[in-house]
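Following: one structure in structure tokens, then a few remarks.
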Amino acid sequence: MFENKKTVIFETLGLILGCISMSVGINAFLKPHTIAPGGLSGLSVVLNKVTGVNVSVIMLVICVPLILCTIKIMGMKTSMKTLFGTVVFSIILQLTDGLSRMNLANDVLLSALAGGVLVGLALGIMFKADASTGGTDLIALVLSKKFPNLKPTQFMSCLDGLVVISSGIVNHSIETALYSGVALLVIVKIADIVMEGFESSKAYFIISEKPEELRARITADLNRGLTIFNARGGYTNNDKDVFLVVLNQKRQETALKRLVKQVDSTAFLIVTDVHEVLGNGFKEIQ
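Sequential numbering of the sequence shown, starting at 5, is according to the numbering used here.
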């Protein structure tokens, strides 16, 4: 019961913080220059330019019917949570609408970057809190039901691309579309950073003719654990041990390479980037 309350509070706070950041990004930096970096918010900015109707009103008019149409697909609980997020976002977007008339940044590129950072930060926060304000993913769900041979992600990519292009059309400037594309790239990158953090981990696969000495040195000198796989050489047909070592500190990466060279200069190393590492010695599994 207590854990459930904590989850609700976490999701609500994440939603509110995300909505504030996204609203400021849209009203202060994107909307004044008709920069529309995909998504339902970007589409609303484009339609606002054409019709003059408030962005928050456009979002409600588009999103509410979509949520009702996708109840069977998403389920009642998820749909109601998304509807709540849409309403909260629309309210905060309306409250911060005055920012769009303050001319905080006249440089279009800086506006695209600043708006992209704030919207990306908002999406990352909401993704981590499992909150949602709806968006083009709802349109993609509806279209994928009509055209089952195509994936929702394909529709989302097409829709985002169309929104970016339409921003240039309504503003009669190809530069606006390019700035919208820049903002979209920034949003995706910032959202990924918020979700995954700045930590970069690497996995090392090591094959050595001196496996026992190397194992002892890695565990003693680096104080790191490792996993040993039994393998067989395809060329020699000899049995070999393959070590897997995962590191998240640059200093230890250099130390590991130096250590391997000292123990066995003929060792074979494969180094690969790791998307995310969870568990003992790394980030806790949430």
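Ideal Cβ placement from N, Cα and C applies to all residues, glycine included.
- For Asn58, the secondary structure class from DSSP, reduced to helix, strand or coil, is coil.
- In this structure, the beta-carbon distance from Gly89 to Gly138 falls below 8 Å.
- For Phe93, the enclosing alpha helix (DSSP H) begins and ends at 80-99.
- Nearest in C-alpha terms to Leu127, of all of Ser45, Met78, Cys162, Gln256, is Ser45.
- In the three-state reduction of the DSSP assignment, Asp245 falls in the strand class, which pools E and B.
- Looking only at Ser25, Lys10, Ile210, Asn31, the smallest Cα-Cα distance to Leu108 is reached by Asn31.
- Assignment of Tyr183 by DSSP, reduced to helix, strand and coil, places it in the helix class.
- For Val174, the CB contacts under 7 Å within the same chain, skipping 5 residues up- and downstream, are Thr38, Val50, Lys53, Val54 in chain order.
- In the displayed model, Lys9 falls within a helix according to three-state DSSP.
- Across the structure, Thr258 and Asn110 are spaced so that their CA atoms are roughly 46 Å apart.
- Where Leu273 is concerned, the enclosing beta strand (DSSP E) starts and stops at 272-278.
- Excluding five sequence positions before and after Ser136, the CB atoms of its chain that fall closer than 6 Å to its own CB belong to Thr86, Gly89, given in chain order.
- As the crow flies, the alpha-carbon of Phe209 is around 17 Å from that of Lys254.
- Asp101 and Val91 have their alpha carbons spaced roughly 15 Å apart.
- Our two residues, Val275 and Thr82, have alpha carbons roughly 41 Å apart in a direct line.
- Contact fails between the segment 171-185 and the segment 219-231, because fewer than three Cβ pairs, one in each stretch, are under 8 Å apart.
- Secondary structure note for Arg219: its alpha helix (DSSP H) is the uninterrupted segment 215-225.
- According to the DSSP assignment, Arg228 belongs to no alpha helix (DSSP H), since it is labelled neither H nor E.
- Restricting attention to Val198, Val249, Ser205, Ile71, the CA atom closest to the CA of Ala133 is found in Val198.
- Excluding its 5 nearest sequence neighbours in each direction, Ile96 has C-beta neighbours in its own chain below 7 Å: Cys23, Ile24, Ser27, listed in chain order.
- Relative to Ala144, the option among Ala40, Gly56, Cys67, Gly29 whose CA is nearest is Cys67.
- In the three-state reduction of the DSSP assignment, Ser269 falls in the coil class.
- Shown here for Ile129: same chain residues with a beta carbon closer than 6 Å to its own, the five before and five after excluded, namely Gly18, Leu21, Gly22 in chain order.
- Ranked by Cα distance from Met63, the options Phe247, Val121, Phe93, Met78 are led by Phe93.
- Rounded to the nearest whole angstrom, the CA to CA distance from Asn242 to Thr11 is 53 Å.
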